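Structure, as structure tokens:
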Amino acid sequence: MSELVAAEDVLLFVNAAVTATGQREFRSSAAEQRLSLAFLHEYVRVNYRPLYASCLALDINDHNAALVVEQLLRTPGEAGDGEGRLVAARLARMAPQRVYRLFRTLREAGVNNRRTRAIVREWLAARPDPALDAVKYRPGVKAALRHAHVPAADAETGDFLFAPGRRARYGNRTLEAYRRAHHAEDALYELPFTVAEGFAVRHGVDREVFLERIAPRMTRLERLRTDRAAGASADLTVMPLTRLALHVLALPFAERAARRDELIGALRAAARRAAGPYAGGWGRVAAVLDDSFSSSGSAVKRRRPLAVALGCHFLLEALAAPGAYTGLWTSGGTDPLLVRPYGPTPLGLRILDALDGGPDRLVIVSDGWDNAPPGLAGEVLRVWRSRLDPGRRTAAVHVNPVYDAGVFDVRRLGPSVPAVGIRDAEDLPALVEIAGFAEGRTGLTELRAYLDRRVADFLAAHGKGRTA
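Number 153 in the numbering used here belongs to position 126 of the sequence shown; there are no gaps in the numbering.
As structure tokens, then:
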């Protein structure tokens, strides 16, 4: 029993770390989210530290990965074997601006032990272009160098950061472009987009001219954001599935209908990429997809739950055997391209419809607030599992894109079906594997073995990336 409780605690944390971002949700404020996460992180770190560190190898989001790293570095006296390698491998996967923000948090908290300085030094030394970082993330780089007591990558970068008036010119092209951009308009097109944007305003450059000339220096996400702001057509072929679903839901209904073939084709192509080797291997699949009013999300996560449901719809279509997928929306709608957050959440009725076809897999994508009538979904699943399918011919899982701060977990429909948190639709195949542990039939030993395997694969992939 104690092993089952420990496994449930760790899985509860994984659900939160995959789903929660400390931002406002439909039914809870940002402050409630942050308070709930802070308690959960400390509880799991204190009681299950090795497993807590191992979660860095899972598909938890970067917000929680940064919190895990911070907690581990704040408490060096409790460190276990291999933690440093896990932290270094996870930091290597995170966006640099988030890592610099983490280093700044550690500095403000006075965390400056030997292990922290070593990890900061190693991460800075592995940066592919220190001069670019010095220009793009200047405050963060300066703070990290001072905190870890390490010199800059070279003398020029050091002068640029700490003695900018010392040199009349720089040999490094990026540093020299930054110096020249203060008085020469053509130099700004050699800088990163976010830096060049400020200089363009200073020089009074026309926005359209600037965007056209700076395009080769823009990242994929920067290009997507500027295209959206300018009302231009975005390149749908490069978008990951959930981001593409968000883009589609932001379009007016008339435009969605007019571009139906293009949008459906792009969503299906993104879903096939996300399905990878699992494509067509899940047999007959039925999905219950929540498009009720609560799927509108919040002001900072607009339509995120609905976008996850839309992405899962197309991903499950790709995972199912050809022609063996049924997607049922709670609203009763039949056109996934025109879904909108509206109405109550009659999950129980839709689950009955989904089970009627005898699928091999049932996937429920919902925030778990079954309210039409309340509790029907849990009762349907209980009776179905105990009376109609005790042999578990149909594998069932509830994936929930919303963290419930009040219960420190995603909201569950009942004990009959495992619930896992989900942040991006493309993580669905990996999360279904974790759901097997959430059914309460396996203990800590099996979960530990699974985490050890994920850690080994994670560190091996990191090692290959460093030698490539």
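All residues carry an ideal CB built from backbone N, CA and C; glycine is no exception. Keep in mind the model is a prediction, meaning the values are calculated, not measured.
DSSP places ILE391 in the uninterrupted beta strand (DSSP E) bounded by 388 to 392. Per DSSP, GLY405 is one residue of the alpha helix (DSSP H) stretching across 403 to 410.
Burial state of SER56 is exposed, judged by a 10 Å Cβ sphere holding fewer than 16 other Cβ atoms. A check of alpha carbon separations from ALA152 across GLU135, LYS491 and VAL177 identifies VAL177 as the nearest. Annotated three-state conformation of TYR75 is coil, per DSSP.
Within the same chain, Cβ atoms closer than 8 Å to the Cβ of ASP451 are found at PRO267, LEU268, THR269, VAL335 and GLY338, the five residues on either side in sequence being excluded. If you look at LEU355, you'll find it in the beta strand (DSSP E) that goes 352 to 356. In the three-state reduction of the DSSP assignment, GLY370 falls in the coil class. The straight-line gap separating the alpha-carbon atoms of GLU344 and HIS68 is approximately 36 Å. Under DSSP, ASN427 forms a beta bridge with GLY448. Taking GLY310 as the centre and dropping the five residues before and after it, the same chain places the C-beta of ALA348 and ASP387 closer than 6 Å to its C-beta, in chain order.
If you ignore the 5 residues before and after PRO371, its C-beta comes within less than 7 Å of the C-beta of SER319, ASN398 and ALA399, all in its own chain and listed in chain order.
In terms of Cβ geometry, VAL437 and GLY375 do not form a close pair [threshold 8 Å]. Nearest C-alpha to GLU183 among GLY405, GLU217, ALA158 and VAL275: ALA158. By a beta-carbon distance limit of 8 Å, VAL426 contacts VAL390. Their separation comes to about 7 Å. Relative to the Cα of HIS230, the nearest Cα in the group ASP431, ALA211 and ALA190 belongs to ALA211. Around the beta carbon of HIS209, a 10 Å sphere encloses fewer than 16 other beta carbons of the protein chains shown; the residue is thus reported as exposed.
About 5 Å separates the beta carbon of LEU408 from that of VAL444, a gap short enough to meet the 8 Å contact definition. Just measuring C-alpha positions, the residue of LYS491, THR472 and ALA487 sitting nearest GLU30 is THR472. For LEU365, no beta strand (DSSP E) run applies, since DSSP gives it neither H nor E. With a cut-off of 8 Å on Cβ pairs, the segment 350 to 363 is not in contact with the segment 450 to 465, counting fewer than three such pairs. Bridge pairing for ARG51: absent [DSSP].
Taking all protein chains in view, the Cβ of ARG331 is crowded by 16 or more other Cβ atoms within 10 Å, so the residue is classified as buried. Only residues of its own chain outside the window of five on either side were considered, and among them PHE435 have a CB closer than 8 Å to the CB of PHE66, listed in chain order. ARG412 has its alpha-carbon roughly 25 Å from the corresponding atom of GLY359. Here ALA115 carries a helix assignment [DSSP, helix/strand/coil].
Excluding five sequence positions before and after LEU129, the CB atoms of its chain that fall closer than 6 Å to its own CB belong to ALA93, given in chain order. DSSP places ALA313 inside the beta strand (DSSP E), whose first and last residues are 312 to 316.
For GLY303 and ALA296, the gap between their C-alpha atoms comes out near 11 Å.
Annotation for GLN124: TYR164 and GLY167 place their beta carbon closer than 8 Å to its own, counting only its chain and skipping 5 residues before and after. Pairing VAL315 with ALA381 gives a Cβ-Cβ distance under 8 Å. When beta bridges are read from the DSSP output, VAL437 appears opposite TYR430. Contact annotation: PRO368 and LEU333 have beta-carbon atoms nearer than 8 Å. Segment contact: the segment 240 to 254 against the segment 214 to 225, three or more CB-CB distances shorter than 8 Å; contact assigned. The alpha-carbon separation between ASP254 and MET245 amounts to approximately 12 Å. Between LEU365 and ARG283, the C-beta gap is smaller than 8 Å, which places the two residues in contact.
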